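J.: Heads up: the sequence shown begins at 1 in our numbering, then just goes up one per residue.
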Amino acid sequence: MLLHHEKILTTCQKFYAVYNKNMGNILLISENDCIYSRYKNLFDIKNNRFNSCCNVTSIFDFIEVETPDIVIFDEDITSVNPVLTIKKIKAKHENTQILLLTNGQNINDELSKFVSGYILNNFSDELIITIIQTHLKSKEHLDKLSGKNKDLADSLYRLNVLYGTSSQFAGTLDTKELLNYMIEGLDKSLSFDLTCTISFGFENEPVLIVNSLYDISDELMSALKLRAILNYKSLFEDGKIPFEIDDKNLKIIKNIKNPTNKFNFTIFQYDNMFAPIDLGDNFFGCIEIFKEHPFTTDDATYFQTIVRQVSLPLKSAGLYREIIAKNEELEKLERVKSEFISIVSHELRTPLTPIKNALSILSSGRCGTLGENAVKFIDMAKRNVENLTSIINDILDINKIEAGKMDFNYKLMNIHSVIETVRNNFDCVAKEHEIIFNSEEAADLPEIYADSQRLGQVLTNLVSNAIKFTPRGKSITIKSELKDAKDITANSYFEQELKSLSGNYIVVSVEDEGIGIKGENMLKAFDKFTQIENSLSRKVGGTGLGLPIAKQLIKAHKGTIWCESEENKGSSFYFALPVCNEGREVATIQKELI
């Protein structure tokens, strides 16, 4: 017996140096005293923990307290259910190595699914120690792998939280929501106990936002407020503080998760991290976060990352608020401007009517015979009254169009009647300017659904401009024709305007042999209050509203307007209006015009 014991000790000493590093916690589950004695002598040595259990209660009491690295399970035990017991051990400690002690005959198939290896009863001590050593190494590798998997899972989880938080940042321009998303992201990944965030973004005064796991007493809140102020001011020791705050003007917003419990001053013994919320020269606030357990390096990296990430959308939110405020201010100014123009225009037009009537009476001779000079001055006054009336009407029209208050009386009509009226109105004017005035109209043009008065206004503006800028002895021609949209062409400045057209259109043009327009100035001609700079334009003057009004009126008819011109050779202004035919019923056009 002594020799056997010495042999065991020699064997243990021989292998001790090899597997000492892999020593672990070994649990034997057996009712056999001989087996217990043998394995105790093998493994109950220095740095090794060897225990033995033989009933369900002692087994699970043991694994609840300690994690066994190796469990040697005797298949002959009768006091426990082998399959059920091993399944419970594996469920509790997944990496624990289960070795079945067996005679190698009639092994339970169900049991073999859950064991990591086998020890036959007739194995030598050296082989048993080698098997244990091998499985201790397997357990060690599994533990390392599990740790890496856990770290990887944690990293993936945090990346997912970071991605979700970034998506939330991108989905709003509300400062309060952005700060809430930041706090939610930090809570999901760091599980903080308390955060204190100073913000200057969504209130008219600085705010301290406290998000806490438990409730906070008034005394602790005062201390947290003072700490937050001191932390904030410490960021600007060498420079100017962007916002002056103290404990009187710092408003507090509390968000408490579990109000049934309360924090005390031991919160200041917790681990903490602090960071400013800023972006370059833009400062939005600062945040401090507390946690009972120490923060890791990864925690610090994530904390800094999400705090930096919220800075850019906070800047965008600030710019958005500025834009909203500016737009509201501009809308207010636009309303004031419209009201002012309307009032002034009406006030100017009111005295013009009696002035015009008085001049008509004087020129008629009903107040006596006038001398040649008197007639000349009265005619001059009448022309200027007409010009002033025209200017006032243009200003009122453009104001109504921009405000969406221009009235239209759409009905089926033929463009010929409008052209004829304008031609008659300008015949005498053209003769006075010694300009040849022609019209070339296509026969049997289809009807259009339009406001004849507004189209007359458009054509009047175009002809009036042509007369202003056409020298004596030259000609002006009004043309009309039917064209398919695909056959309507324009220079590169107006190509985009024509792309939306489809179907048949009546195209009306006013062509002159006047001073023309440079290519780069063609688009400017349709801008409000624009006069293309040259000697003749300065001479004739005007408000520069005729073409912008014409453009808006044609647009209201679902048409388009453009021009072709060559400097010193003349200009051609065109507008196209959709026709009524089988493919374009009146009801369709009516619906489009609404």
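Glycine included, each C-beta is placed from N, C-alpha and C at the ideal position. Because the structure is a prediction, the values reported are computed rather than measured.
Can you tell me whether Y157 is buried or exposed? The criterion is at least 16 other CB atoms within 10 Å of its CB, across all chains shown.
T.: exposed
J.: What ranges does the alpha helix (DSSP H) occupy inside the segment 464-540, keeping only unbroken runs of at least 4 residues that lie completely in it?
T.: 495-498 and 535-540
J.: Among residues of its own chain, excluding the 5 on either side of K315, which ones have a beta-carbon nearer than 8 Å to its beta-carbon?
T.: Result list for K315: L279, N282 and F284, in chain order.
J.: Considering only residues of the same chain and omitting the five flanking positions on each side of I289, which have a CB-CB separation below 6 Å?
T.: Hits under 6 Å: F192, T195 and M273.
J.: Looking at C-alpha atoms only, which residue of L455, L42, L459 and Q552 is the closest neighbour of A403?
T.: Ranking L455, L42, L459 and Q552 by CA distance to the CA of A403 puts Q552 first.
J.: In terms of DSSP beta bridges, what is R49 paired with?
T.: Beta-bridge pairing by DSSP links R49 to N25.
J.: Whole angstroms is fine: what's the gap from N51's alpha carbon to E110's?
T.: 26 Å
J.: Since P242 is in the alpha helix (DSSP H), which residue starts that stretch and which ends it?
T.: That residue, P242, is in no alpha helix (DSSP H); it is neither H nor E in DSSP.
J.: Does the beta-carbon of L536 have 16 or more other beta-carbons within 10 angstroms, so that it is buried, or is it exposed?
T.: Since pLDDT at L536 reaches only 43, below the 50 mark, its modelled position is unreliable, and no value is offered.
J.: If we count Cβ pairs, one from each stretch, closer than 8 Å, do we get three or more for the segment 464-481 versus the segment 500-511?
T.: Inter-segment contact for the segment 464-481 and the segment 500-511 is present: three or more beta-carbon pairs are separated by less than 8 Å.
J.: Under 8 Å Cβ to Cβ from N95, same chain only, skipping five residues before and after it: list those, please.
T.: Cβ within range, chain order: K139, L142, D143 and S146.
J.: Just the C-alpha distance for A576 and P548, rounded to the nearest angstrom, thanks.
T.: Going from the Cα of A576 to the Cα of P548 covers about 16 Å.
J.: Residues in the same chain with beta-carbon distance under 6 Å from S37, minus the five sequence neighbours each way, listed in chain order, please.
T.: Around S37: no qualifying Cβ.
J.: If you count every other CB in all the chains shown that lies within 10 Å of the CB of V463, and 16 or more means buried, which is it?
T.: The residue is buried, with at least 16 neighbouring Cβ atoms inside 10 Å.
J.: Between the alpha carbons of L312 and G318, how many angstroms are there, rounded?
T.: 10 Å
J.: Quick check: the Cα distance between S364 and I324, rounded to an integer number of angstroms?
T.: Between the C-alpha atoms of S364 and I324 there is a straight-line separation of about 59 Å.
J.: So for N409, helix, strand or coil by DSSP?
T.: coil
J.: Identify which residue in R308, C286 and L190 has its Cα closest to the Cα of F243.
T.: C286
J.: Between which residues of its own chain and I599 is the CB-CB distance below 7 Å, once the five residues before and five after are set aside?
T.: Any property of residue 599 remains undetermined from this structure, which presents the chain solely from 1 to 594.
J.: What residues in its chain sit with their C-beta under 6 Å from that of N438, if we drop five residues either side in the sequence?
T.: Hits under 6 Å: T477.
J.: Should L330 be labelled buried (16 or more other beta-carbon atoms within 10 Å of its own) or exposed?
T.: L330 is exposed by the Cβ-count criterion.
J.: Based on the DSSP secondary-structure assignment, which residues constitute the bridge partners of L194?
T.: S212 and F290
J.: Kindly indicate which three-state DSSP category D154 falls into: helix, strand or coil?
T.: Per DSSP, reduced to three states, the secondary structure at D154 is helical.
J.: Taking its Cβ as the centre, do 16 or more other Cβ atoms sit within 10 Å of F408, making it buried, or is it exposed?
T.: exposed
J.: By DSSP's criteria, M273 is part of a beta bridge. Which residues make up the other side?
T.: Note: M273 sits in a beta bridge opposite I289.
J.: Once you ignore the five residues that flank L445 on each side, which residues in its own chain have a CB closer than 7 Å to its CB?
T.: N414, I415, H416, S480, L482 and I506
J.: In chain order, what residues of the same chain have a beta carbon less than 7 Å from the beta carbon of L352, not counting five sequence neighbours either side?
T.: V385, L388 and T389
J.: With three or more C-beta pairs closer than 8 Å as the rule, is the segment 78-85 touching the segment 105-119?
T.: These segments touch.
J.: Using 9 Å as the threshold, is the C-beta distance between I277 and L162 below it?
T.: no
J.: Taking the alpha carbon of K225 as the reference point, which residue from N249, L28 and I29 has its own alpha carbon closest?
T.: N249
J.: What residues are listed by DSSP as bridge partners for F118?
T.: Correcting the residue identity first, residue 118 is Tyr in this sequence and not Phe. For Y118, which the question treats as bridged, DSSP gives the partners L100.
J.: Please say whether I448 and V336 have beta carbons closer to each other than 9 Å?
T.: no
J.: Drop a sphere of 10 angstroms on the beta-carbon of R383, count the other beta-carbons inside from all chains shown, and report buried for 16 or more, exposed for fewer.
T.: With fewer than 16 other Cβ atoms from the protein chains shown falling within 10 Å of its own Cβ, R383 counts as exposed.
J.: When you compare each of L208, T460 and E292 to L230 by their alpha carbons, which one comes out closest?
T.: L208
J.: Rounded to a whole number of angstroms, what is the C-alpha to C-alpha distance between D295 and D271?
T.: The question names Asp, but residue 295 is Phe in the sequence shown. For F295 and D271, the distance between alpha carbons rounds to 7 Å.
J.: Considering only residues of the same chain and omitting the five flanking positions on each side of I198, which have a CB-CB separation below 6 Å?
T.: L208, A228, Y232, G285 and C286
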